[in-house]
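Chains A and B are the protein sequences, given in the same order.
According to the numbering used here, the first sequence is numbered sequentially starting from 1.
According to the numbering used here, the second sequence is numbered sequentially starting from 1.
The beta-carbon is built from N, C-alpha and C at its ideal position, and this holds for glycine as well.
Number of protein chains: 2
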Amino acid sequence: MTIQAGAPLPRRPATIKDVARELDISVATVSRALSKPHMLRPATVTRVREAVDRLGYRPNLVAQNLKLGSTGIVYVVIPALSPFFYDVFRGIERAALELGYSAIVAHTGRDPLREGEYFDQVACGRADGVLLVSTAQLEIEPPHKHTLPPTVMVLESHGHKNFPAVRVDHVVAATQATNHLLELGHRRIAHITGNVRAPMSVKRREGFVAAMAAAGIKNAEENCVPGEFTPEAGQAAMETLLQRPVLPTAVFCSSDEIAVGAIRAIRAAGLRVPDDISIIGYEDQRLSRIYDPQITTVHVPTFDIGYQAMVKLRRILAREQYEHDVVLPTHVFIRQTTAPPKKA
Amino acid sequence: MTIQAGAPLPRRPATIKDVARELDISVATVSRALSKPHMLRPATVTRVREAVDRLGYRPNLVAQNLKLGSTGIVYVVIPALSPFFYDVFRGIERAALELGYSAIVAHTGRDPLREGEYFDQVACGRADGVLLVSTAQLEIEPPHKHTLPPTVMVLESHGHKNFPAVRVDHVVAATQATNHLLELGHRRIAHITGNVRAPMSVKRREGFVAAMAAAGIKNAEENCVPGEFTPEAGQAAMETLLQRPVLPTAVFCSSDEIAVGAIRAIRAAGLRVPDDISIIGYEDQRLSRIYDPQITTVHVPTFDIGYQAMVKLRRILAREQYEHDVVLPTHVFIRQTTAPPKKA
DNA sequence: TTGAAAGCGGTACCAG
DNA sequence: CTGGTACCGCTTTCAA
Numbered sequence: 001m002t003i004q005a006g007a008p009l010p011r012r013p014a015t016i017k018d019v020a021r022e023l024d025i026s027v028a029t030v031s032r033a034l035s036k037p038h039m040l041r042p043a044t045v046t047r048v049r050e051a052v053d054r055l056g057y058r059p060n061l062v063a064q065n066l067k068l069g070s071t072g073i074v075y076v077v078i079p080a081l082s083p084f085f086y087d088v089f090r091g092i093e094r095a096a097l098e099l100g101y102s103a104i105v106a107h108t109g110r111d112p113l114r115e116g117e118y119f120d121q122v123a124c125g126r127a128d129g130v131l132l133v134s135t136a137q138l139e140i141e142p143p144h145k146h147t148l149p150p151t152v153m154v155l156e157s158h159g160h161k162n163f164p165a166v167r168v169d170h171v172v173a174a175t176q177a178t179n180h181l182l183e184l185g186h187r188r189i190a191h192i193t194g195n196v197r198a199p200m201s202v203k204r205r206e207g208f209v210a211a212m213a214a215a216g217i218k219n220a221e222e223n224c225v226p227g228e229f230t231p232e233a234g235q236a237a238m239e240t241l242l243q244r245p246v247l248p249t250a251v252f253c254s255s256d257e258i259a260v261g262a263i264r265a266i267r268a269a270g271l272r273v274p275d276d277i278s279i280i281g282y283e284d285q286r287l288s289r290i291y292d293p294q295i296t297t298v299h300v301p302t303f304d305i306g307y308q309a310m311v312k313l314r315r316i317l318a319r320e321q322y323e324h325d326v327v328l329p330t331h332v333f334i335r336q337t338t339a340p341p342k343k344a
Numbered sequence: 001m002t003i004q005a006g007a008p009l010p011r012r013p014a015t016i017k018d019v020a021r022e023l024d025i026s027v028a029t030v031s032r033a034l035s036k037p038h039m040l041r042p043a044t045v046t047r048v049r050e051a052v053d054r055l056g057y058r059p060n061l062v063a064q065n066l067k068l069g070s071t072g073i074v075y076v077v078i079p080a081l082s083p084f085f086y087d088v089f090r091g092i093e094r095a096a097l098e099l100g101y102s103a104i105v106a107h108t109g110r111d112p113l114r115e116g117e118y119f120d121q122v123a124c125g126r127a128d129g130v131l132l133v134s135t136a137q138l139e140i141e142p143p144h145k146h147t148l149p150p151t152v153m154v155l156e157s158h159g160h161k162n163f164p165a166v167r168v169d170h171v172v173a174a175t176q177a178t179n180h181l182l183e184l185g186h187r188r189i190a191h192i193t194g195n196v197r198a199p200m201s202v203k204r205r206e207g208f209v210a211a212m213a214a215a216g217i218k219n220a221e222e223n224c225v226p227g228e229f230t231p232e233a234g235q236a237a238m239e240t241l242l243q244r245p246v247l248p249t250a251v252f253c254s255s256d257e258i259a260v261g262a263i264r265a266i267r268a269a270g271l272r273v274p275d276d277i278s279i280i281g282y283e284d285q286r287l288s289r290i291y292d293p294q295i296t297t298v299h300v301p302t303f304d305i306g307y308q309a310m311v312k313l314r315r316i317l318a319r320e321q322y323e324h325d326v327v328l329p330t331h332v333f334i335r336q337t338t339a340p341p342k343k344a
C-alpha cells in the first residue's frame, strides 16, 4: 500500500503571457496566432506554435468564456439516470457534435434544489443553455425567475413554465397501445400505471381510458391499478390483478420495466405470456428487446427527440426562428408478448 | 404550429456593477455583502440583499472561477453510458454532494479525441479534476502531457499513465466466479469473453484459466470463446458452444449482458438454465436482478468505488495524503442460474 | 466599515 | 502584420 504524499499538483499552467514573454512578442499576437492565423505572417505563427508546444500552453477556457460571453456547452439536466435516457442523450450528443457544442449531463436525482443549482450555473455563464429532460414532475424554483437561461424541454412539456419542447403525446401513444390490444380481440384489458405523481402516468392512463371508451368499454378506470416505474412495482400490481375474480386477458403497462415485473408475476402464477395474458410495455427501452420474451411496446423516438431538441436550442441561441412545441409520433412495436386472447 | 420569432434571449443579466450603481455603493461592498457579510454593517448587507433580489442578480460563476482559480466541479469522463455506470455515478455523486462539489458527466463515446477535449477543458480551468471511468482501453493523447489535470481512475487502472485508481481486481474476481462453478462440481466449464481489446476482458479470462489450472484442469484456453459485451454476442458465442461435440455444464460469462444472450441461446436449443447448463455473469448489473431467471453473478461494488474515487480526488485537490491504488473486493452473488451439474 | 484599483487570462479594437 | 490596451465580472488587498 503506497501512501502518496500530498503530491504536487501540476505546476502552474502556462499562460498567454508566458508564451509572449518567451518569444518577446505581444499577447495579442499570440492570441491571433492561435485563433486567426491567417492574419499573421506564417513565420510568426510557426514560432508561436512551437513556443506553445514547448511550454505546454493551453488557452484558459474560463477566461475565454468570460471574454466571449459564451461557452459552447449545454447542460442536459435530467432527474434520473435511466436507460430510457440513453438514446435521448445520444440524439442530443449527435446534434451537439454537429453544431459544435459539448453536451454535459447534469443529474438532479429529482432534487428540485439541485435542479435549480444547475439552472443557476447556466444562467451564470457556465453554459449557454439547458436541455431539460423530464420524466417526472418538475419544480423550478421561483428565485430563478429573473434569469432563466435558454431552455428546451425534452420528452415532456412543462406544466408551469411555457418552455419550448420536443416531445411525444402520451395520450395518443397510450391510445395506440390500447388499440393494439383491442384489435387483437381483447376486451378485458387492465392497465398498470406509473407513479401517479408523474404527469406522464396520468396522461397514459387517460389515453387508455379514452381508447377503451371509444371501443364501447365504459369504466375502464376500474381496470387501472396504480404502480411505479419499476419491475418490483409491476410485479406487485400484477399480483393484485391476479387475485381478482375475473382475470384480464391483456395488460397495458405504463413502462417496459413494469412489463418485466408483470411477466414475472404471471409466470410465478403458472400462467404464460402471451398465451394466457398479453402484455404491452411502453418506451421501447433496450430491456424490451433483450428480455425473453421480447416485449411488445410503444416505441418512443428517443434519439430523434434528443436530436431535435438540441437543434432547437441552437436555433434559440442563434436567435433564429423555431417551432415552439414539437410533437413526434410514436408507434407500437409488436414483438413476442401480445397475441389474440384464448378462446374460452 | 406556432412559429416562434427569433425570440429575445433573456435580457442581459444584471452584474455586480448594476447592483452597486443601484445603491450608489462600490462593487467591493456588494461582493462582500454576498460572500463575507460579517465584515459589513448589517444594514448594508440588508440593502444589498434587497437590491440583488430586485434586480435578479446572480454572481457570474465564470468570472468567479477565473478570479478564484477553482470551480467546484469535477468531470466524470466515461467512454459509454451504460447501466453498469449508474451505481458508480451514484457513489461519486453522493461523495461529491458531501464534499461540496458538482459532478458532471462527460461522455466520450469511446472517442479518444473527445476524451482529450474533456481533459483539456478541465486542464483549462473548466473543472477542478476528473474521474476517469474506464470500461475499455483508453487513449489519452500525448499533447496533453504537459498539463494533465488531477485525475483518478475509476474501475480500472490505466495502462500507460500511472493515475491513482479505485478499482477491483478482475483476475481475482474471475477466479471467484470459476471457483463457484468448480465447487458446485462442474468440470466442463466454458468461458465467453468480452471484447478482447478491453484489458478487463483479458484479465477475466486470465483469472478463469488460472482457476481452472489450479483445479487441475489444463488447457482451459480451449474452453474460451471470444465475444463482446452485448447480449447478441453472448447469444452467438453460446450457439458456437452448443455446436461442439461435448457440451459444457457451466459457462462463465464475462458480463451480465453476455449471460442474458447465452441464456437465450440455451433456451432456444431446448435446454434449461440451470438444469442443463449453469450460467454465471459478471458485474451485477441491475439487469441480473431483473431478469427471469435472476442471474448468479460477480458483484462489483460499484457504488463504493465511485464514492471512494471522489473522496480520493478531493484529497488530491486538497493536497492531502492518499493511497495511490485502492482495490476493492468482489463477491459472487448466488441467484438462480447456477446449480450442480446433472448426474449423467 | 467602505472605496479605489489591481488583476485573474484571455480577446479585439485601434494605432502604427 | 504587430503592439498597446481596454475590458469581460468578480475578488481582494491597500487605504481611507
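- Kindly indicate which residue of A:ARG41, A:THR15, A:TYR86 and A:ASP275 has the alpha-carbon position closest to the one of ALA51 of chain A. A:THR15
- Message: Quick check: what's the CA-CA separation for LEU247 of chain B versus VAL122 of chain A?
- Response: 58 Å
- Message: With a threshold of 8 Å between beta-carbons, can VAL19 of chain A be considered close to chain B, or not?
- Response: no
- Go through its chain and collect everything with a Cβ distance to GLY6 of chain B's Cβ below 6 Å, but skip five positions before and after it. Its pLDDT being 49, under 50, GLY6 of chain B is placed unreliably in this model, and the value from its coordinates should be taken loosely. Excluding residues within five positions, none has a Cβ falling inside 6 Å.
- Message: For chain B, check one thing: does any of its Cβ atoms lie closer than 8 Å to the Cβ of PRO142 of chain A?
- Response: Model confidence at PRO142 of chain A stands at a pLDDT of 43, short of 50, so the residue's coordinates are unreliable and nothing is read from them.
- Message: Strictly under 8 Å for the Cβ-Cβ distance: is CYS253 of chain A near chain B by that measure?
- Response: no
- Minimum C-alpha distance to GLY207 of chain A - residue among A:ALA262, A:PRO245, A:TYR282 and A:ILE25: A:TYR282
- Item | Own chain residues within Cβ distance below 6 Å of THR71 of chain A, not counting five before or after | ASN65, ALA127 and ASP128
- Any chance the segment 39-51 of chain B sits against the segment 94-108 of chain B, with 3 or more Cβ pairs inside 8 Å? no
- Step through the CB atoms of chain A and report whether any lies within less than 8 Å of the CB of ALA262 of chain B. Not an interface residue.
- Would you say LEU61 of chain B faces chain A, with C-beta separation under 8 Å as the test? yes
- Between the Cα of HIS191 of chain B and the Cα atoms of B:VAL30, B:MET212 and B:VAL172, which residue gives the shortest distance? From the listed residues B:VAL30, B:MET212 and B:VAL172, the smallest Cα separation to HIS191 of chain B is found for B:MET212.
- Message: Could you check whether the Cβ of VAL350 of chain A sits closer than 8 Å to any Cβ belonging to chain B?
- Response: Because chain A in this structure spans residues 1 to 344, residue 350 of chain A falls outside the shown range and cannot be described.
- Task: Below 7 Å CB to CB, which residues in the same chain sit around VAL388 of chain A once its five sequence neighbours on both sides are set aside?
- Result: For chain A, the structure presents residues 1 to 344; residue 388 of chain A sits outside this window and is missing.
- Query: In whole angstroms, what is the alpha-carbon distance linking TYR307 of chain B and ASP120 of chain A?
  - Reply: Near 26 Å, if we compare the C-alpha coordinates of ASP120 of chain A and TYR307 of chain B.
- Query: Within 10 angstroms of its Cβ, does HIS331 of chain B collect 16 or more other Cβ (buried), or is it exposed?
  - Reply: exposed
- Do the CB positions of LEU131 of chain B and ILE92 of chain B come within less than 8 Å of each other? yes
- Assigned secondary structure, ARG54 of chain B (DSSP; H/G/I helix, E/B strand, else coil): helix
- Does the separation of the CB atoms of ALA339 of chain B and LEU184 of chain B fall below 8 Å? Yes. Within cutoff.
- Item | Within chain A, partners of ARG267 of chain B - CB distance below 8 Å | Using a Cβ-Cβ cut-off of 8 Å, ARG267 of chain B is close to ASP292 of chain A, given in chain order.
- Message: As a quick exercise: from B:ALA33, B:THR178 and B:VAL251, pick the residue whose alpha carbon is nearest that of ASP276 of chain B.
- Response: That would be B:VAL251, whose Cα lies nearest to the Cα of ASP276 of chain B.
- Message: For HIS107 of chain A, tell me which candidate among B:VAL76, B:VAL133, B:GLY234 and B:ALA309 has the shortest Cα-Cα distance.
- Response: B:VAL76
- Task: Quick one: which unbroken alpha helix (DSSP H) runs of 4-plus residues sit fully inside the segment 226-273 of chain B? Chain order, please.
- Result: 231-243 and 256-268
- Message: Do LEU242 of chain A and ALA259 of chain A have their beta-carbon atoms positioned less than 8 Å apart in this structure?
- Response: At least 8 Å separates the beta-carbon of ALA259 of chain A from that of LEU242 of chain A.
- Coarse secondary structure for HIS180 of chain B, derived from DSSP in three states: helix
- How is HIS337 of chain B classed by DSSP in three states: helix, strand or coil? At residue 337 of chain B the sequence reads Thr, which differs from the His that was named. In this structure, THR337 of chain B counts as coil in the three-state DSSP scheme.
- Query: Straight-line CA distance for PHE85 of chain B to GLU117 of chain A?
  - Reply: 24 Å
- Message: Could you compute how far the alpha carbon of GLY261 of chain A sits from the alpha carbon of TYR291 of chain A?
- Response: 11 Å
- Item | Alpha-carbon to alpha-carbon, THR151 of chain A and CYS124 of chain B | THR151 of chain A has its alpha-carbon roughly 26 Å from the corresponding atom of CYS124 of chain B.
- Message: Taking only three categories from DSSP, how would you classify SER35 of chain A?
- Response: helix
- Close Cβ partners of LEU271 of chain A (< 7 Å) along its chain, the five nearest in sequence each way excluded: ILE277
- Those residues which DSSP pairs with SER278 of chain B across a bridge: B:ALA250
- So, does the CB of PRO83 of chain A fall closer than 8 Å to a CB anywhere in chain B? yes
- Task: Mind checking who VAL122 of chain B pairs with in its DSSP beta bridge?
- Result: Answer is none; VAL122 of chain B lacks a bridge partner.
- Under the three-state DSSP convention, the category ASP87 of chain B falls into: helix
- Query: Between the segment 64-79 of chain A and chain B, which residues of the former have a C-beta closer than 7 Å to a C-beta of the latter?
  - Reply: ASN65 and LEU66
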